[in-house]
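Below is one structure; the comments refer to it alone.
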Ligand code: DGL
């Protein structure tokens, strides 16, 4: 019965947990397999060829676990290498389109900001998709490469002066342009949403890529009769490509529960190729 199969979720590291936490809230029965490529994070500073190669290995690893859906819970893979899904026999959801749909539905002044990794911003994928839907919309994008390492290292407290200072600098062009909607175009960034909200002010809509991807997954599974209707809490397995301990520690904080018994190491370099 395919509906009991797990959902596969991957990211370069911890960021995809922003999708996982939303999935768990919305779909507590679902079994989940998460892969965080912590041995090769960050993806967002690498070439398109490297990101594509990593994405194919991540997808192959999850597909080998007989998942019913793969979510590329990574703005970088979704922007640069979403075409890798064309070679998969498993349904696939990326995080750009759901976030764009939400942002275009929210903006009133037709000024949307996008923050993401360097690879995401230079791909222009968010901008292109926004302008396909709202041709007259101004899109202000800014690459924020320092944010992924800050999150991976757990510098995520609302009162962290260094993280706040870095964000103030990155968000200045958004404030100057007067965007009324800001897409957090990297799944690591919703972890910092309180600080981002403090800087942008409460009148600016923040679009959480993790949340929108989870909503898209719920919709897909519902429409295709693939929801796990077994009345039991789903199981959650986590795999990483480097030290289990450091991932377990920050992931447990982000998910609000101790997951250290469910985290395993995998040598992703041995997959595919
Ligand atoms: N969470 C990834 C994203 O959404 C981070 C990319 C990276 O590793 O640089 O883009």
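In the working numbering, the protein residues as written are 26 to 298. Here a beta-carbon is modelled for each residue, glycine too, at the ideal position from N, C-alpha and C.
Query, Result
"Do residue 140 and residue 192 count as a contact pair if the criterion is CB distance below 7 Å?", "no"
"Can you tell me which residues fall inside 5 Å of ligand 1, judged by beta-carbon distance to its nearest heavy atom, and keep chain order?", "36, 37, 40, 66, 67, 68, 69, 99, 100, 101, 142, 173, 211, 212 and 213"
"Distance, Cα to Cα, residue 188 vs residue 250?", "43 Å"
"Since I believe residue 39 is in contact with residue 176 (beta carbons under 8 Å), could you give me their beta-carbon distance rounded to a whole number of angstroms?", "6 Å"
"Going by C-alpha to C-alpha distance, which of 247, 280 and 150 sits closest to residue 263?", "280"
"With residue 74 and residue 113 assumed to form a contact (beta carbons below 8 Å), what rounded beta-carbon distance in angstroms separates them?", "Their Cβ separation, rounded to whole angstroms, is 19 Å, which puts residue 74 and residue 113 out of contact at 8 Å."
"Hey, could you find the ends of the alpha helix (DSSP H) residue 100 is sitting in?", "100–105"
"Drop a sphere of 10 angstroms on the beta-carbon of residue 81, count the other beta-carbons inside from all chains shown, and report buried for 16 or more, exposed for fewer.", "buried"
"Could you please give me the residues that DSSP links to residue 264 through a beta bridge?", "60 and 289"
"When you compare each of 157, 205 and 235 to residue 217 by their alpha carbons, which one comes out closest?", "235"
"Output the boundary residues of the beta strand (DSSP E) element that contains residue 129.", "No beta strand (DSSP E) holds residue 129; the alpha helix (DSSP H) holding it covers 121–131."
"Residues in the same chain with beta-carbon distance under 8 Å from residue 94, minus the five sequence neighbours each way, listed in chain order, please.", "32, 33, 115, 116, 117, 118, 242, 245, 246 and 251"
"Spatial neighbours of residue 196 within its chain, please: CB distance less than 6 Å, with the 5 preceding and 5 following residues excluded, ordered by chain position.", "224"
"Quick check for students: name the residue ranges of the alpha helix (DSSP H) that lie wholly in the stretch 228–283, counting only runs of 4 or more.", "234–248 and 269–280"
"My output table needs one value for residue 184: the three-state DSSP class, helix, strand or coil.", "coil"
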